[in-house]
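*Asks:* One structure, pasted below without further comment.
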Amino acid sequence: MKKANQELNSIFSVAEEMVKNNGEDCFYYDVIDNNFIIAALDGCGGSGSKKYENYSGKTGAYIASRAVCGGIKSWFCESNKDSELPKYIHEALSVCKQHADKAGRIMGSLGKAFPTTASVITGKMDGNKVDATCYWAGDSRCYMLDANGLHQLTADDLDGQDAMSNLSNDGVMTNVINASTSFEVHNKKLSFKSPCILLTATDGCFGYLNSPMEFEYLLTDSLIKAKNLHEWKIALNERMHDVTGDDYTLSVAICGFNDFGEIQGNYKKRNAYVTDTYINQTTDVNAMWEIYKKEYSTYL
Amino acid sequence: MGSNYQITYNVDMVFCIDCTGSMGNIIEIVKKNALNFYQDVTDVMEKKHKHISQLRVRVVAFRDYDADKEKAMMVTDFFKLPQEAEEFEKCVRSLKAEGGGDDPEDGLEALAYAIKSNWDTEGMKKRQVIVVWTDAPTHPIGYGKDSGYYPNGMASDIKELSSWWGGAQQSGFVDNNAKRLLLFAPDAPDWNVISQNWDNVLHFPSEAGKGLANLEYEEIINTISNSI
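Sequence order for the protein chains is S and H. Residue numbering for the first sequence follows numbering that gives the first Met the number 0, starting at 0 and increasing by one per position. Residue numbering for the second sequence follows numbering that gives the first Met the number 0, starting at 0 and increasing by one per position.
So, in structure tokens, the structure goes:
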């Protein structure tokens, strides 16, 4: 039997903006010593529509995702303690406010100063497992993909029932990072058997598909049809570009595989199962979701 | 799955327009804004690749029950756009600023009519947008009760009207996720109470949007469109 690799294989992000140079998503990935981080943030274009002359006419949403991403980077490089991430995020927002134009005349609960979501995973390989911590606020998500399928690790800060209903109910977020109101950065420690793939994603990646099953299919089908990692990244970009109606950002950490062939091998059987059971079926999608969600929701 | 899949939106808008005498100097601008508003929202949505499969617009023109009696409220059905654009335009252009009596008007009753609209509940995603243009504070709800023309079944007070709008704990007559309220109204009772306490509200405090800068209008349109 082949010895399991106990290392982080690769870490990367794929992203695209709908309007060139005005995309409101942001990402970060890094490795320091044995610790890695993947992050995806989505500045909220509705509530953060205010444009700031002091920020070259960019919107609060555009500034927020970048500033908070910078705060996350500083935190990872300087501290990396769970309890201190909110402090770094608040500091980033405070700098945004400090240099912003004076408050505008528009009032009301729909507008917020510098609103953004964030989904972050930090992790460390430990023998044949990955010790990870998820941090999140808003509707961006952390996922783990293993041979049993895709697992959503973080509960959306939306008033919808689950990942399926959130695709159509399009609710207002119940918690989002911003400089106007209080918010919470949730965190959750988890341990996964390696090999596996960890992902953080903004809603542009998964929110324009028919069902959560299709997001897993998008990930694994593009993977098993690629010749190498570079091709997989291109295919991920192409597939999300085809279906999305928003900026999208997907950050990926591949853990514990020996080579690309082994990554593909790990997901081939599962991809065939998902294709046959969910994708090539004409059964009511909600009925299929009821079956699929048992495994998908294991960590929620 | 794949590139053929496209999320579509059903959007309903209700325009509540103050048609009392004090609006005389700005009613034409408000009418122009009302006629442009839905197009500006749909343009921004299309730019973001958000496709509207059905758009309907309705008009609630309001004055003051106590002073204007049977002319206090004019309510239309929804116009389907673009099919009924001509009828909608004709309706908006026919509005006249007259009457009103004292300074406050019956804007809350107009809002109540808007909230109780026959909203579209179909479609993959929906938005239910109410826009109010007024230069006046509101009477307390029920102020014109004795006019002889006051509608039955009206909310009894602002608290009940708030419950019609709904909140995180309980839904009202508008879909909690779909609803958006945009006020071009003075920072005065009860518009400021609504602005401070109701969910999903944007309030530009001025006389019916007077003095609205381009940048501010753009922010409002983007907030409404991007949160769709």
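From the three backbone atoms N, C-alpha and C, an ideal C-beta is built for every residue, glycine too.
Measuring only the C-alpha atoms, how far is residue 29/S from residue 128/S?
*Replies:* So the two alpha carbons sit approximately 19 Å from each other.
*Asks:* Look up residue 220/H in the DSSP assignment and say whether it is helix, strand or coil.
*Replies:* Residue 220/H falls in the helix class under three-state DSSP.
*Asks:* With a cut-off of 8 Å, do at least 3 Cβ pairs link the stretch 227 to 244 of chain S to the stretch 167 to 176 of chain S?
*Replies:* The answer is no - the stretch 167 to 176 of chain S does not touch the stretch 227 to 244 of chain S, with fewer than three Cβ pairs under 8 Å.
*Asks:* DSSP state of residue 89/S, grouped into three classes?
*Replies:* Helix, per DSSP.
*Asks:* Between 245/S, 112/S, 160/S and 40/S, which has its C-alpha nearest residue 292/S's C-alpha?
*Replies:* Checking every option, the nearest Cα to that of residue 292/S belongs to 160/S.
*Asks:* Between which residues of its own chain and residue 91/S is the CB-CB distance below 7 Å, once the five residues before and five after are set aside?
*Replies:* Taken in chain order, the residues that qualify are 66, 67, 69 and 70.
*Asks:* Which of the three DSSP states, helix, strand or coil, is assigned to residue 106/H?
*Replies:* If DSSP states are grouped into helix, strand and coil, residue 106/H belongs with the helices.
*Asks:* 8 Å is my cut-off, CB to CB: does residue 45/S come that close to chain H?
*Replies:* Interface residue, yes.
*Asks:* Rounding to the nearest angstrom, what Cα-Cα distance links residue 36/S and residue 150/S in this structure?
*Replies:* Cα to Cα, the separation comes out at about 18 Å.
*Asks:* Got a sec: which bits of the stretch 50 to 79 of chain H sit with their beta carbon under 9 Å from any beta carbon on chain S, in order along the chain?
*Replies:* Cβ contacts with chain S: 50.
*Asks:* So which of 86/S, 192/S, 125/S and 126/S has the shortest CA-CA distance to residue 144/S?
*Replies:* It is 192/S.
*Asks:* Along chain S, which residues have their Cβ under 7 Å away from the Cβ of residue 203/H?
*Replies:* Neighbours of residue 203/H on chain S, chain order: 104 and 105.
*Asks:* May I have a chain-ordered list of the beta strand (DSSP E) segments no shorter than 3 residues that lie completely inside the stretch 67 to 139 of chain S?
*Replies:* Qualifying beta strand (DSSP E) stretches, in chain order: 115 to 125 and 128 to 136.
*Asks:* Do residue 55/H and residue 126/H have their C-beta atoms closer together than 8 Å?
*Replies:* Not in contact: residue 55/H and residue 126/H (Cβ atoms no closer than 8 Å).
*Asks:* Can you say whether residue 92/H is buried or exposed, counting buried as having 16 or more other CB atoms within 10 angstroms of its CB?
*Replies:* Counting Cβ neighbours within 10 Å, residue 92/H comes out exposed, since fewer than 16 surround it.
*Asks:* Between the alpha carbons of residue 114/S and residue 41/S, how many angstroms are there, rounded?
*Replies:* Spanning the two alpha carbons is a distance of roughly 9 Å.
*Asks:* To the nearest angstrom, how far is it from the Cα of residue 283/S to the Cα of residue 207/S?
*Replies:* If you take the alpha carbons of residue 283/S and residue 207/S, they lie about 18 Å apart.
*Asks:* Using three-state DSSP, classify residue 268/S as helix, strand or coil.
*Replies:* Of the three classes helix, strand and coil, the one that applies to residue 268/S here is helix, per DSSP.
*Asks:* Could you pull the start and end residues of the alpha helix (DSSP H) that residue 67/H belongs to?
*Replies:* Counting along the chain, the alpha helix (DSSP H) containing residue 67/H begins and ends at 64 to 67.
*Asks:* Cutting at 8 Å between CB atoms, please list the residues of its own chain near residue 174/H, excluding the five before and the five after it.
*Replies:* Cβ within range, chain order: 118, 120, 125 and 127.
*Asks:* Please classify residue 76/S as buried or exposed, where buried requires at least 16 other C-beta atoms within 10 Å of its C-beta.
*Replies:* Residue 76/S comes out exposed.
*Asks:* Report the three-state DSSP secondary structure of residue 273/S (helix, strand or coil).
*Replies:* DSSP places residue 273/S in helix when its eight states are reduced to three.
*Asks:* Do residue 40/H and residue 224/H have their beta-carbon atoms positioned less than 8 Å apart in this structure?
*Replies:* Their beta carbons are under 8 Å apart, which means residue 224/H touches residue 40/H by this criterion.
*Asks:* When you compare the CB of residue 121/H with every CB in chain S, is at least one pair closer than 8 Å?
*Replies:* No, no contact with chain S.
*Asks:* Mind checking if residue 219/H is an interface residue toward chain S, Cβ cutoff 8 Å exclusive?
*Replies:* It does; some Cβ of chain S falls within 8 Å.
*Asks:* Check whether the Cβ atoms of residue 137/H and residue 67/H lie closer than 8 Å to each other.
*Replies:* No; because the gap between Cβ atoms is not below 8 Å, this pair is not in contact.
*Asks:* Helix, strand or coil: how does DSSP classify residue 148/S here?
*Replies:* Strand at residue 148/S.
*Asks:* Spatial neighbours of residue 270/S within its chain, please: C-beta separation below 8 Å, excluding the five flanking residues on both sides.
*Replies:* Counting only Cβ-Cβ distances below 8 Å, and skipping sequence neighbours, we find 216, 219, 220, 222 and 223.
*Asks:* Could you say which of 243/S, 12/S, 135/S and 107/S lies nearest to residue 191/H if we only look at CA atoms?
*Replies:* Measuring from the Cα of residue 191/H, the nearest candidate turns out to be 107/S.
*Asks:* Check the Cβ of residue 96/S against every Cβ in chain H and list those closer than 8 Å, keeping chain order.
*Replies:* Going along chain H, no residue has its Cβ under 8 Å from residue 96/S, so there is no contact; the nearest lies around 17 Å.
*Asks:* Identify every residue that forms a DSSP beta bridge with residue 172/S.
*Replies:* 157/S, per the DSSP bridge assignment.
*Asks:* With DSSP as the reference, identify every bridge partner of residue 129/H, one or two as the case may be.
*Replies:* Note: residue 129/H sits in a beta bridge opposite 13/H and 180/H.
*Asks:* Indicate whether at least one CB of chain A lies closer than 8 Å to the CB of residue 192/S.
*Replies:* The question asks about chain A, but that chain is absent: this structure's protein chains are S and H.
*Asks:* Could you tell me which residues DSSP puts in a beta bridge with residue 78/H?
*Replies:* DSSP, once it has assigned bridges, lists 56/H as partnering residue 78/H.
*Asks:* When the distance is taken between beta carbons, is residue 27/S closer than 8 Å to residue 57/S?
*Replies:* Result no, Cβ atoms of residue 57/S and residue 27/S do not sit closer than 8 Å.
*Asks:* Report buried or exposed for residue 280/S, applying the criterion of at least 16 other Cβ atoms within 10 angstroms of its Cβ.
*Replies:* That one is exposed.
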